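Be aware that the sequence shown starts at 1, since it is given in the UniProt record's numbering, and climbs by one per residue.
Just below is one structure, and these are the notes that go with it.
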Amino acid sequence: MDSRRALYVCLYRIFTIADVAYPTSKHFPSQAFFLVFSLLGSYPYFFFLRSTPSSSSSSDPSRRFLRNASWGGPAWEKRVRSSARVRSRNGITVLVTGAAGFVGTHVSAALKRRGDGVLGLDNFNDYYEPTLKRARQALLERSGVFVVEGDINDGALLRKLFDVVAFSHVMHLAAQAGVRYAMQNPSSYVHSNIAGLVNVLEVCKSANPQPSVVWASSSSVYGLNSKVPFSERDRTDQPASLYAATKKAGEEIAHTYNHIYGLSITGLRFFTVYGPWGRPDMAYFFFTKDILKGKSISIFEGPNHGTVARDFTYIDDIVKGCLASLDTAEKSTGSGGKKKGPAQLRVFNLGNTSPVPVTKLVSILERLLKVKANRVMLKMPRNGDVQFTHANITLAQRELGYKPSTDLQTGLKKFVRWYLSYYSSGKKSSG
Ligand SMILES: NC(=O)c1ccc[n+]([C@@H]2O[C@H](COP(=O)([O-])OP(=O)(O)OC[C@H]3O[C@@H](n4cnc5c(N)ncnc54)[C@H](O)[C@@H]3O)[C@@H](O)[C@H]2O)c1
1 MDSRRALYVC LYRIFTIADV AYPTSKHFPS QAFFLVFSLL GSYPYFFFLR
51 STPSSSSSSD PSRRFLRNAS WGGPAWEKRV RSSARVRSRN GITVLVTGAA
101 GFVGTHVSAA LKRRGDGVLG LDNFNDYYEP TLKRARQALL ERSGVFVVEG
151 DINDGALLRK LFDVVAFSHV MHLAAQAGVR YAMQNPSSYV HSNIAGLVNV
201 LEVCKSANPQ PSVVWASSSS VYGLNSKVPF SERDRTDQPA SLYAATKKAG
251 EEIAHTYNHI YGLSITGLRF FTVYGPWGRP DMAYFFFTKD ILKGKSISIF
301 EGPNHGTVAR DFTYIDDIVK GCLASLDTAE KSTGSGGKKK GPAQLRVFNL
351 GNTSPVPVTK LVSILERLLK VKANRVMLKM PRNGDVQFTH ANITLAQREL
401 GYKPSTDLQT GLKKFVRWYL SYYSSGKKSS G
């Protein structure tokens, strides 16, 4: 490390500590930090950010927190209010965390379209290409949704948002996603999926009125459960990855906040969501990229050449499930941080109920891309993935009117059309 870079790292650490030491003084650390950097010149700062590899910058979650600490002021509050303004009769006011993420973008846009007030929150971390998150943000911006840049662990920011807007609902989608990455960067899962969730629920329980909370759990909580299809009543105490364990912990944490504070909470167990504006770390996405580049793709198989299959669920179906969950959520019963009566607590599977072998997914992609894949069959490593997922959606059908309607062929066609147009615009790189 050269001496100038060492100096920046050192300054960075000092200001990170300052941020922790002065959590409510939101301007001091970040402003001082940027003042020092502007005095030192912008080039070295640029060098510092660029020369930090993605994985190592992700391994210190507090960095993300620091980078995104600028908020507040009359103009900012005006944008927040305008984004959250309801424009339809009986509309709801929703804070969507993880709004620049795959699911968050689609849910925010759908809420806005029907006239609800929507405010987004996202820390734009670099788990996968932040340019894609920025492009989703720009899309939301054009439809009138402001995505505040900040971390769900920033209690002062969350409280400020609730001071400015009396949110009736919180759609909590911000999380560290991905099963395999948990072996590389476990602390990011604790930071976002445990500490972050607790912070969101803390702020919600103290808000007046308390909002109703809908949040994303995951089908991964079924872990080693082999009884199919997976029903909400099945055991979920055998997670196969740290990601799954943090989602399972989230469900127990949700129970606690419902029980003690009267928060109305609905957990949604999504099953392998795919579609346009999707996540580059997911197989359907990086298979598409690699097939187009002529690179080989690794397809896993279970013991004795067993099929690996997923209950792939198209994003529009998931969005319908999210909106129905918000619409059927009862009010929280607490006030002043105290429970006044029992409150609603629900968990739903949101899947497609028709698992498809990953080999079939590849065949569909080959047809749509008109390129033959270079397949390499490998034994499934023990890195958190499970062999099979299959949702029983009876409960969601009954309580939410949830009825997925897009099959894999149709959904992938829409994804491929988006992928080709997004990455052929010349400005973006798929890595
Ligand atoms: N996509 C799927 O197949 C799937 C399946 C099961 C569960 N889920 C869950 O659904 C939710 C949405 O998933 P997605 O696919 O849209 O993932 P995503 O990674 O695209 O979106 C999550 C967003 O949250 C943001 N974020 C992460 N940590 C944050 C923090 N501490 N503060 C503020 N923002 C933060 C990220 O920047 C990202 O934009 C997640 O909770 C995920 O675990 C997704």
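C-beta atoms are modelled at their ideal positions from N, C-alpha and C, and glycine is treated no differently.
Owing to the predicted nature of the structure, the values given are computational and were not obtained by experimental measurement.
So is the beta-carbon of H390 under 7 Å away from any non-hydrogen atom of ligand 1?
It does not: the Cβ of H390 is nowhere closer than 7 Å to a heavy atom of ligand 1.
Below 8 Å CB to CB, which residues in the same chain sit around S25 once its five sequence neighbours on both sides are set aside?
Residue placement at S25 is poorly supported in this model, since its pLDDT is 32, which falls under 50; the coordinates still yield a value, given next. For S25, where only same-chain residues beyond five positions count, there are no Cβ hits under 8 Å.
Identify the continuous alpha helix (DSSP H) that holds G250 and give its terminal residues.
Going by DSSP, G250 is part of the alpha helix (DSSP H) stretching over 242 to 261.
Apart from the five residues just before and just after L369, which ones in its own chain have a Cβ nearer than 8 Å to its Cβ?
These residues qualify, in order along the chain: T288, I291, L292, V416.
Is any non-hydrogen atom of ligand 1 found closer than 7 Å to the C-beta of N123, if you look at the structure I gave you?
At least one heavy atom of ligand 1 falls within 7 Å of the beta-carbon of N123.
Assign residue 464 to buried or exposed, taking buried as 16 or more other Cβ atoms, counted over all protein chains shown, within 10 Å of its Cβ.
The structure shown does not extend to residue 464, since the chain spans only 1 to 431, so no value can be given for it.
Run of the beta strand (DSSP E) containing I265, from where it starts to where it stops
Note, I265: beta strand (DSSP E), 265 to 270.
If you draw a straight line from the C-alpha of I260 to the C-alpha of L345, how long is it?
In a straight line, the C-alpha of I260 is about 12 Å away from that of L345.
Would you call N125 buried or exposed, if buried means 16 or more other Cβ atoms sit within 10 Å of its Cβ?
Label assigned to N125: buried.
Using DSSP's beta-bridge definition, name the partner residues of D327.
Looking at the DSSP assignment, D327 forms no beta bridge with any residue, so it has no partner.
Is L132 closer than 8 Å to P276 when the C-beta atoms are compared?
Taking 8 Å as the Cβ cut-off, P276 and L132 do not qualify as a contacting pair.
Check this for me: beta carbons of S325 and L268, under 8 Å apart or not?
Yes, these two residues count as a Cβ contact at 8 Å.
On the three-state DSSP scale, how would you describe N199?
Of the three classes helix, strand and coil, the one that applies to N199 here is helix, per DSSP.
Limits of the unbroken beta strand (DSSP E) element including K370
Note, K370: premise wrong, no beta strand (DSSP E); not H, not E.
Under 8 Å between the Cβ atoms of L173 and V148?
No; because the gap between Cβ atoms is not below 8 Å, this pair is not in contact.
What separation, rounded to the nearest whole angstrom, lies between the Cα atoms of A373 and V319?
So the two alpha carbons sit approximately 31 Å from each other.
Comparing alpha-carbon positions, which option in M380, K360, Y243, V228 lies nearest Q409?
Measuring from the Cα of Q409, the nearest candidate turns out to be K360.
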